[in-house]
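Just below is one structure, and these are the notes that go with it.
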Ligand SMILES: [Zn+2]
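In our numbering, the protein residues as written are 565 to 622.
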C-alpha cells in the first residue's frame, strides 16, 4: 500500500459513488444507499456537524 498518485489506480473497477440527487456531488454511495456529503438516504435532514454551526463570534 502506497500513498500518493499511484494509489489512484486502486480506484478503478467497481464504482461505489454516484451523483447525489440532493447535493449534486458524486458522494452518493450506491451500496450503502446514502450520500457521504449530505446524508441523503441516511437522514431526511441535511447531514450536519456541530463544528459546522460554529459562528464567527470568538
Ligand atoms: Zn448528497
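All C-beta atoms, glycine included, are put in the ideal place defined by N, C-alpha and C.
Owing to the predicted nature of the structure, the values given are computational and were not obtained by experimental measurement.
Span separating the alpha-carbon of residue i from that of residue j
i: residue 582; j: residue 590; result: 5 Å
i: residue 594; j: residue 611; result: 17 Å
i: residue 574; j: residue 568; result: 11 Å
i: residue 613; j: residue 571; result: 29 Å
i: residue 597; j: residue 585; result: 12 Å
i: residue 604; j: residue 579; result: 18 Å
One or two residues paired with residue i in a DSSP bridge
i: residue 599; result: 592
i: residue 581; result: 593
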